[in-house]
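Taken in order, these protein sequences are the chains called G and V.
51 is the number that the numbering used here gives to position 51 of the first sequence; each next residue is one higher, with no gaps.
114 is the number that the numbering used here gives to position 114 of the second sequence; each next residue is one higher, with no gaps.
Have a look at the structure below before the remarks.
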Amino acid sequence: MNAYLSVWRLRFVTGLQYRAAAWAGIATQCSFGFIFIMVYAAFYRNSAVKPPMSLDEVVSYIWLQQAFFGLIALWFRDHDLFRLIVSGNIAYELCRPCGLYSFWFAKLTGTRLSRTVLRCVPLLIIAVVLPQPYRLIPPPSATSLVLFVTSLAIGMLLVVALSMLIHISVFWTLSPAGSVLLFGITGEFLAGMVVPVPMMPLWLQRMVEWLPFRWTVDFPFRVYSGHIPPGEAATGILVQLIWLALLVVAGHWCMRRAMRRVVVQGG
Amino acid sequence: MKLFFRYMSMHFRSQMQYRASFWMITFGNVLVPFAAFAGVYFLFGRFGSLQGWTLYEAALCFGVIHMAYSLSDCFARGFDTFAELVAGGDFDRLLVRPRGTVVQVLGSKIDFTRFGHMLQAAIVLGWAASRLPAEWTLAKAFTLAHMVAGGTLIFTGVMMLAATMCFWTIEGLEIANIVIDGGREMTQYPLHIYHRAVMIVCTFVIPFGCVSYWPLLYVLGKTDGNAALYMMMPLAGALFFVFSLLVWRLGVRRYRSTGS
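Spelled out as structure tokens, the structure:
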């Protein structure tokens, strides 16, 4: 356990070094947040129908999505790991006295956290002091906040478990670009990165219910605004945990399969 | 011009060497804007209309901007990776060749997998155009083509300006991505939904609005007054491009090699 913890910390501290990149990221995320909110505000301004979420709920959804982008974005991947597999340096990794799955899991989690820690705080501060309708309003109750933090943490682990599957798939495909792109885009859309799940048509919502993706993005952010009430959120967290267990077991299994037939590329 | 076509065929042949990967990425490039468009489609499905604009009218706006973006993304990405060229000192080699710098930088990278994006934009354009109740005339079709051309010039111009900044800073700048990606995200919707300030910036500073929103008003028959004025709006794109070209010249003149 100690080894995993220290590799996690190593990654975390390394990631914290890239401050300039973090500022640039904040600027980007901030402007995208503004654009999306302006678009939604325009849709809401003279809407004939009653939308499934209030504008305030959508605004908090957008700001949280921008603030925790690095934490929950599925497309983010570790090129070092790909290079290990393709170049054959994976042999070194296999010599280490620890499980490859947990080792990489810790690595990926560390990178994600360090990318987010630097970005989310300034962005959230900006979002809280903005004038209406752009302001991020606090959650309705302390319970919602606690549930949000919990579900976001599990959501991140879920994303890492999903992206582990992508990384493992490279053992078979050897070319990360294509398959990762397809999986990433589809997954993000179904997770609610483009539009929140309640905005989707019913047939798609029903499909999304049966997939793990929505539990990574859509669920935590709607728990924050109270759009998903605390009682429902508690059961949701249980579902999240079940998905997490399933995905980790599947990942372990795939990794073992991959290891059995691994061919070390090159010399 | 001939040189540029030589570059094009060279890149095309080299990318065709990895056929499976090429098609996978091209398909992925259809999917990215497809997901974005699905988002727009679902939002219209929920709300019905966007401040007086129907789905098909907004889709026309989306198609024009994405067409322009993908064209410049395909042919002008050389400017995007320009920072590496300067930092590595490789720009010196370009300078000693007896050809213009612009065409050489343009030719340094042409990404044909972007055809996927173009294809998607073309489908959206065709679909929106066929569903619109407005009558299509030659003048309107001409304006539309004009808009795409102007938009391409603007996106390319922004990339050039960002690349020019490398002469001073050596590094690439994130702000370019904000202008390019943010501009694309923003102007895929009609401009009148935004704050007045955004409208002014998008018309007079970086004339995105001049190649999408304003001429679209004419194409969709939402204007009264001088049609010719609206039709000529996309020329602002060319103007912006000329400005970028001049700034680029200025940058090249004061270029000092990093020496490595």
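Yeah, the Cβ is synthetic: ideal placement off N, Cα and C, and Gly gets one too.
Three-state secondary structure (DSSP) of L220(V): The sequence position of residue 220(V) within the second sequence is 220, counting from 1. Coil at L220(V), not helix or strand.
V211(V) beta carbon less than 8 Å from that of G151(V): On the second sequence, residue 151(V) is found 151 positions in, with the first residue counted as 1. On the second sequence, residue 211(V) is found 211 positions in, with the first residue counted as 1. Contact: yes.
Contact set between E174(V) and chain G, taken where Cβ atoms lie within less than 7 Å: The count along the second sequence starts at 1 and reaches residue 174(V) at position 174. A24, A27, T28, listed in chain order.
Touching by the beta-carbon criterion (3+ pairs, under 8 Å), the segment 138 to 149 of chain V and the segment 224 to 243 of chain V: yes
Any alpha helix (DSSP H) of 4 or more consecutive residues that is wholly inside the segment 2 to 69 of chain V: 2 to 15, 19 to 47
Beta carbon of P139(G) nearer than 8 Å to that of G226(G): Indexing the first sequence from 1 puts residue 139(G) at position 139. Indexing the first sequence from 1 puts residue 226(G) at position 226. Yes. Within cutoff.
Within 7 Å of chain V by C-beta, residues of the segment 37 to 48 of chain G in sequence order: Hits within the stretch, in order: M38, V39, A42, F43, R45, N46, S47, A48.
DSSP three-state assignment for E135(V), whether helix, strand or coil: On the second sequence, residue 135(V) is found 135 positions in, with the first residue counted as 1. It is coil, neither helix nor strand.
Completely contained alpha helix (DSSP H) runs for the segment 126 to 171 of chain G, where each covers 4 or more residues: none
Interface residues of chain G facing A76(V) [CB-CB closer than 7 Å]: Numbered from 1 along the second sequence, position 76 holds the residue referred to as residue 76(V). Going along chain G, no residue has its Cβ under 7 Å from A76(V), so there is no contact; the nearest lies around 21 Å.
Test: E185(V) CB closer than 8 Å to a CB of chain G: The count along the second sequence starts at 1 and reaches residue 185(V) at position 185. Chain G, which has a Cβ nearer than 8 Å to the Cβ of E185(V), makes this yes.
Within 8 Å, strictly: CB atoms of A59(V) and P190(V): For the purposes of this step, residue 59(V) is taken as the residue at position 59 of the second sequence. For the purposes of this step, residue 190(V) is taken as the residue at position 190 of the second sequence. At the C-beta level, A59(V) and P190(V) stay beyond 8 Å of one another.
Alpha-carbon to alpha-carbon, E93(G) and G267(G): Taking the first sequence and counting its residues from 1, the one referred to as residue 267(G) is at position 267. Taking the first sequence and counting its residues from 1, the one referred to as residue 93(G) is at position 93. A caution first: G267(G) carries a pLDDT of 47, below 50, which makes its placement in the model too unreliable to give a value.
Reference T54(V), options L217(V), G78(V), A20(V), M24(V), closest by Cα: The residue you call residue 54(V) lines up with position 54 of the second sequence. The shortest Cα separation from T54(V) among L217(V), G78(V), A20(V), M24(V) belongs to L217(V).
Chain V residues whose Cβ lies nearer than 7 Å to that of P277(G): Residue coverage of chain G in this structure runs from 1 to 267, which leaves residue 277(G) outside it and unanswerable.
Simplified DSSP assignment, three categories, for K109(V): Taking the first residue of the second sequence as 1, we reach residue 109(V) at position 109. The answer is coil: DSSP assigns K109(V) none of H, G, I, E or B.
Extent of the continuous alpha helix (DSSP H) run through Y255(V): Along the second sequence, one-based indexing puts residue 255(V) at 255. Y255(V): not part of any alpha helix (DSSP H); DSSP gives it neither H nor E.
8 Å Cβ shell around I110(V) - same chain, five flanking residues per side excluded: Within the second sequence, numbered from 1, the residue matching residue 110(V) stands at position 110. Contacts found: Y7, M8, H11, F12, C74, F75, R77, G78.
Interfacial residues, the segment 197 to 225 of chain V to chain G, with Cβ spacing under 9 Å: V198
Proximity of G178(G) and I72(G) at Cβ, strictly below 8 Å: In the first sequence, counting from the first residue as 1, residue 178(G) sits at position 178. In the first sequence, counting from the first residue as 1, residue 72(G) sits at position 72. Cβ distance not < 8 Å, so G178(G) and I72(G) don't count as in contact.
Buried or exposed (CB count within 10 angstroms, at least 16 for buried), Q29(G): As a first step, residue 29(G) must be located in the first sequence, where it is residue number 29. A residue is called buried once 16 or more other Cβ atoms fall within 10 Å of its Cβ, and Q29(G) is buried on that count.
Classification of N46(G) by the beta-carbon crowding that lies within 10 angstroms, buried from 16 upward: To locate residue 46(G), count along the first sequence from 1; it is residue 46. Exposed: under 16 other Cβ atoms inside 10 Å.
Alpha-carbon to alpha-carbon, F82(G) and W172(G): Here the question's residue 172(G) lines up with position 172 in the first sequence. Here the question's residue 82(G) lines up with position 82 in the first sequence. The alpha-carbon atoms of W172(G) and F82(G) are separated by roughly 12 Å.
Cβ-based burial, Q132(G) [other Cβ within 10 Å; buried from 16]: Stepping through the first sequence from its first residue, residue 132(G) is reached at position 132. So Q132(G) ends up on the exposed side.
Whole-number beta carbon distance between V195(G) and F243(V), since they are thought to touch under 8 Å: Stepping through the second sequence from its first residue, residue 243(V) is reached at position 243. Stepping through the first sequence from its first residue, residue 195(G) is reached at position 195. Not quite, the Cβ-Cβ distance comes to about 37 Å (not below 8 Å), so this is no contact.
Coarse secondary structure for V247(V), derived from DSSP in three states: Counted from its first residue, the second sequence places residue 247(V) at position 247. Looking at V247(V) - three-state DSSP - the assignment turns out to be helix.
Contact the segment 99 to 114 of chain G vs the segment 50 to 67 of chain G: 3+ CB pairs below 8 Å: no
Length of the line joining the Cα atoms of R257(G) and D80(G): By one-based count along the first sequence, residue 257(G) stands at place 257. By one-based count along the first sequence, residue 80(G) stands at place 80. Each residue's alpha carbon lies about 21 Å from the other.
Within-8 Å CB hit, S70(V) to chain G: Position 70 of the second sequence holds residue 70(V). False, the Cβ-Cβ gap to chain G never drops below 8 Å.
Which listed residue (M186(V), F37(V), L220(V)) has its alpha carbon closest to that of A134(V): Residue numbering aside, residue 134(V) sits at position 134 when the second sequence is read from its first letter. The residue with the shortest Cα to Cα distance from A134(V) is L220(V).
Cutoff 6 Å; reference V59(G); Cβ partners in own chain excluding five residues on either side: Here residue 59(G) refers to the residue found at position 59 of the first sequence. For V59(G), where only same-chain residues beyond five positions count, the Cβ hits under 6 Å are I37.
Inter-stretch contact (C-beta, 8 Å, three-pair minimum) for the segment 175 to 185 of chain V and the segment 97 to 114 of chain V: no
Residue environment, W168(V), which counts as buried when at least 16 other CB atoms sit within 10 Å: Your numbering for residue 168(V) matches position 168 in the second sequence. Only exposed fits W168(V), as fewer than 16 other CB atoms lie within 10 angstroms of its CB.
Helix, strand or coil at P198(G) according to DSSP, with G and I counted as helix: Here residue 198(G) is taken as the residue at index 198 of the first sequence, counted from 1. Helix.
Near-chain V residues of the segment 180 to 193 of chain G - C-beta to any C-beta below 8 Å: L181, L182, I185, T186, E188, F189
6 Å Cβ shell around T216(G) - same chain, five flanking residues per side excluded: For this step, residue 216(G) is matched to residue 216 along the first sequence. Result list for T216(G): I72, G155, L158, V159, A191, in chain order.
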